[in-house]
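J.:
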Amino acid sequence: MPIKIPDSLPATAVLESENIFVMTEHRALHQDIRPLNMLILNLMPTKIVTETQILRKLSNTPVQIQVELLRTASYSSQHTDEDHLEAFYTTFDQVRDRRFDGMIITGAPVENLEFDQVDYWPELCDIMAWSRTHVHSTLHICWGAQAGLYFHHGIEKRTLPQKLFGVYEHRVLKPNSPLFRGFDDVFHAPHSRYTEVLEADIRAAQALELLSTSSEAGVYAVKTQDSRQFFITGHPEYDPDTLLREYRRDVDKGLNIAVPAHYFPENDPSRVPVVRWRSAGQLLYTNWLNYYVYQTTPYDLSRI
């Protein structure tokens with residue numbers, strides 16, 4: 021949240037030059053406040069786990085948020101009870117005439133498929149096209165980020181030699197970016213994917229801005245120049261045991277899966293994982309909500 025200070029205070033210009041968000045008395049007196057309308061398109065098969073992870077991040081802020089959960093109508097989840105979906109989820113036809121301050125598009129375990137081979141790809145394309153005119157700022161996560169970069173900007177995903185699986189160090193390329201306000205010089209984030217986008221492709225796209233990378237995990241955070249679209253290739257919302265559960269699942273399936281990197285002490289899967297990404301993950305969601313949704317969305321949603 022911003023600090024409210026007198027318009028003529030000498031510190032105002034200094035703080036603004038340091039990219040510290042301040043609100044003058046004039047703006048504070050004329051600011052209209054209402055709950056943020058947030059739409060979450062949950063593409064993960066384990067919908068209850070994913071919705072809980074994301075809602076945990078969204079709830080740990082001083083901003084009041086009204087959340088709606090969205091599912092695809094063209095594909096029915098095989099891992100979530102239909103009663104839960106009917107009770108708590110809506111479909112695109114029910115929201116297409118409305119506008120939202122923010123939207124989150126989750127990942128999905130379909131990265132080994134070509135985009136047009138995904139059952140709900142045409143519906144997802146309709147939703148992403150709609151978001152350009154009906155959502156103020158959209159946050160795309162993991163496969164959702166790859167899908168968004170491909171649909172909106174023509175960035176291809178590339179197959180990795182092996183699954184990128186673990187917790188990796190990242191660096192912020194633009195320290196004064198509000199998205200990374202409060203971050204350390206080096207921070208950690210989980211990844212779990214078989215594909216990637218290339219840094220060279222991101223840098224070649226004039227509409228995109230590269231914000232963070234990892235020497236091991238590659239591109240991490242990208243946004244559009246107008247800050248209406250954000251793309252995060254990892255999972256900052258993951259629980260402490262999410263990678264552990266994924267590892268055990270793949271082992272039980274007989275897959276040739278490596279132990280998640282930089283996750284277990286001494287790389288020993290019998291030991292309790294070390295959580296090093298919780299604070300950075302919370303900051304990322306909080307900063308996106310505050311600086312790119314709450315502070316810039318129009319009070320009148322019809323103006324989006």
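Take the position in the sequence shown, starting the count at 1, then add 20; the result is the number in my numbering. Quick reminder that beta carbons are idealized off the backbone N, C-alpha and C, glycines included. Bear in mind the structure is a predicted one, so any value in this text is a computation, not a measurement.
1) Looking only at its own chain, which residues have a Cβ that is under 6 angstroms from the Cβ of arginine 119, when we skip the five neighbours before and after it?
2) With DSSP collapsed to three states, give me the class of asparagine 57.
3) Once you ignore the five residues that flank aspartate 113 on each side, which residues in its own chain have a CB closer than 8 angstroms to its CB?
4) Assuming lysine 255 contacts serine 212 under a Cβ cut-off of 8 angstroms, what Cβ separation, rounded to an integer in Å, is found between them?
5) Just list the residues that DSSP pairs alanine 209 with in beta bridges.
6) Could you please give the first and the last residue of the uninterrupted alpha helix (DSSP H) stretch that includes aspartate 113?
7) Give the straight-line distance between the Cα atoms of valine 206 and leucine 184, rounded to the nearest whole angstrom.
8) Can you have a look at serine 234 and say buried or exposed, based on whether 16 or more other CB atoms are within 10 angstroms of its CB?
9) Starting from tyrosine 170 and walking both ways along the alpha helix (DSSP H), at which residues does that stretch end?
10) Are three or more beta carbon pairs between the region 307 to 314 and the region 156 to 169 nearer than 8 angstroms?
11) Hey, could you find the ends of the alpha helix (DSSP H) lysine 243 is sitting in?
12) Go ahead and pull the three-state DSSP assignment for histidine 156.
13) Identify which residue in Asp204, Val130, Asp117 and Val294 has its Cα closest to the Cα of aspartate 146.
14) Per DSSP, what kind of secondary structure is methionine 21 in: helix, strand or coil?
15) For the beta strand (DSSP E) that contains glutamine 84, what are its first and last residues?
16) By Cβ distance below 7 angstroms, which residues in the same chain neighbour glutamate 143 in space, the five residues on each side in sequence not counted?
17) Under 8 angstroms by Cβ, that's how I've got leucine 228 and phenylalanine 200 pegged, so tell me the actual separation to the nearest angstrom.
18) When you compare the CB positions of asparagine 62 and leucine 105, do they come within less than 7 angstroms of one another, or not?
19) What distance in whole Å lies between the Cβ atoms of leucine 263 and threonine 215, which are believed to be in contact at a cut-off of 8 angstroms?
20) Less than 7 angstroms between C-beta atoms, sequence neighbours within five positions excluded: which residues of the same chain meet that for leucine 303?
21) Taking a contact to mean a Cβ-Cβ separation below 7 angstroms, would you say methionine 123 touches serine 97 in this structure?
22) Using the Cα positions of glycine 164 and tyrosine 258, report the straight-line distance between them to the nearest angstrom.
23) So within the region 239 to 292, which uninterrupted alpha helix (DSSP H) runs reach at least 4 residues, ignoring any that extend past its ends?
24) For the region 215 to 225 against the region 238 to 247, are there 3 or more C-beta pairs whose distance is under 8 angstroms?
25) Measuring alpha carbon to alpha carbon, tell me which residue in Val295, Tyr312 and Val130 is nearest lysine 177.
26) Would you mind stating whether histidine 172 and alanine 225 have Cβ atoms separated by less than 7 angstroms?
27) Between Glu102, Ile68, Pro65 and Asp121, which lies nearest to proline 55 when the distance is taken from Cα to Cα?
28) Buried or exposed, going by whether 16 or more other CB atoms sit within 10 Å of the CB of proline 210?
29) Out of Thr126, Thr70, Val87 and Ser247, which has the shortest C-alpha to C-alpha gap to threonine 253?
30) Strictly by DSSP, which residues pair up with leucine 230?
31) Check whether the Cβ atoms of histidine 208 and arginine 268 sit closer than 7 angstroms, and answer yes or no.
32) At which residues does the alpha helix (DSSP H) containing aspartate 221 begin and terminate?
T.: On the basis of the supplied data:
1) Within the sequence shown, numbered from 1, the residue matching residue 119 stands at position 99. Only His154, Leu321 and Ile324 meet the Cβ criterion.
2) Working through the sequence shown from its first residue, we reach residue 57 at position 37. Asparagine 57: strand per DSSP, three-state reduction.
3) In the sequence shown, counting from the first residue as 1, residue 113 sits at position 93. Excluding sequence neighbours, aspartate 113 sits near Ala93.
4) Here residue 255 corresponds to residue number 235 of the sequence shown, with the count starting at 1. Here residue 212 corresponds to residue number 192 of the sequence shown, with the count starting at 1. Here the sequence assigns histidine to residue 255, which means lysine is not the residue at that position. That belief holds up - the Cβ atoms of histidine 255 and serine 212 are roughly 6 angstroms apart, short of 8 angstroms.
5) The residue labelled residue 209 in the question sits at position 189 within the sequence shown. As computed with DSSP, alanine 209 is found in a beta bridge with Tyr188.
6) Locating residue 113 in the sequence shown gives position 93, counting from the first residue. Element bounds for aspartate 113: 112 to 115.
7) Walking along the sequence shown from the start, residue 206 turns up at place 186. Walking along the sequence shown from the start, residue 184 turns up at place 164. Those two C-alpha atoms are separated by around 19 angstroms.
8) Residue 234 sits at position 214 when you count from the first residue of the sequence shown. Buried is the call here.
9) Translated into the one-based positions of the sequence shown, residue 170 becomes position 150. Per DSSP, the continuous alpha helix (DSSP H) segment holding tyrosine 170 begins and ends at 163 to 173.
10) Contact holds: three or more Cβ-Cβ distances are below 8 angstroms.
11) Residue numbering aside, residue 243 sits at position 223 when the sequence shown is read from its first letter. Looking at the DSSP string, lysine 243 is not in any alpha helix (DSSP H); the run it does join, the beta strand (DSSP E), is 238 to 244.
12) Walking along the sequence shown from the start, residue 156 turns up at place 136. Reduced to three states, the DSSP call for histidine 156 is strand.
13) Numbered from its first residue, the sequence shown carries residue 146 at position 126. The shortest CA-to-CA distance from aspartate 146 to any of Asp204, Val130, Asp117 and Val294 is the one to Asp117.
14) Here residue 21 is taken as the residue at index 1 of the sequence shown, counted from 1. Only weak support exists for where methionine 21 lies, its pLDDT of 49 falling under 50; the coordinates are left without a value.
15) Your numbering for residue 84 matches position 64 in the sequence shown. Element bounds for glutamine 84: n/a, residue is neither H nor E.
16) For the purposes of this step, residue 143 is taken as residue 123 along the sequence shown, with counting starting at 1. Cβ neighbours of glutamate 143 within its own chain (closer than 7 angstroms, five residues either side excluded): Thr92, Ala93, Ser94 and Phe112.
17) As a position in the sequence shown, residue 228 is number 208, starting the count at 1. As a position in the sequence shown, residue 200 is number 180, starting the count at 1. Between the beta-carbon of leucine 228 and that of phenylalanine 200 there is about 16 angstroms, and that puts the pair past the 8 angstroms contact cut.
18) Position 42 of the sequence shown holds residue 62. Position 85 of the sequence shown holds residue 105. Against a cut-off of 7 angstroms, the Cβ pair of leucine 105 and asparagine 62 comes out as no contact.
19) In the sequence shown, counting from the first residue as 1, residue 215 sits at position 195. In the sequence shown, counting from the first residue as 1, residue 263 sits at position 243. So it is not a contact: roughly 18 angstroms between Cβ atoms.
20) For the purposes of this step, residue 303 is taken as the residue at position 283 of the sequence shown. Annotation for leucine 303: Gly202 and Phe203 place their beta carbon closer than 7 angstroms to its own, counting only its chain and skipping 5 residues before and after.
21) Locating residue 123 in the sequence shown gives position 103, counting from the first residue. Locating residue 97 in the sequence shown gives position 77, counting from the first residue. Not closer than 7 angstroms, so no.
22) As a first step, residue 164 is located in the sequence shown; it is residue number 144 there, counting from the start. As a first step, residue 258 is located in the sequence shown; it is residue number 238 there, counting from the start. Taking the CA atoms as reference points, glycine 164 sits about 15 angstroms from tyrosine 258.
23) Here the runs fully enclosed are 262 to 272.
24) Yes, they touch.
25) If you number the sequence shown from 1, residue 177 lands on position 157. The shortest Cα separation from lysine 177 among Val295, Tyr312 and Val130 belongs to Val130.
26) Residue 172 sits at position 152 when you count from the first residue of the sequence shown. Residue 225 sits at position 205 when you count from the first residue of the sequence shown. Taking C-beta atoms as the reference points, histidine 172 and alanine 225 fail to come closer than 7 angstroms.
27) Working through the sequence shown from its first residue, we reach residue 55 at position 35. It is Asp121.
28) In the sequence shown, counting from the first residue as 1, residue 210 sits at position 190. By the neighbour-count criterion, in which a residue is buried when 16 or more other Cβ atoms sit within 10 angstroms of its Cβ, proline 210 is buried.
29) Here the question's residue 253 lines up with position 233 in the sequence shown. Of Thr126, Thr70, Val87 and Ser247, the smallest CA-CA separation from threonine 253 is found for Thr126.
30) Stepping through the sequence shown from its first residue, residue 230 is reached at position 210. In the DSSP assignment, the residues bridged to leucine 230 are Val242.
31) Translated into positions along the sequence shown, residue 208 becomes position 188. Translated into positions along the sequence shown, residue 268 becomes position 248. At a Cβ-Cβ threshold of 7 angstroms, histidine 208 and arginine 268 do not count as neighbours.
32) Within the sequence shown, the letter at position 201 stands for residue 221. First-last of the alpha helix (DSSP H) with aspartate 221: 219 to 224.
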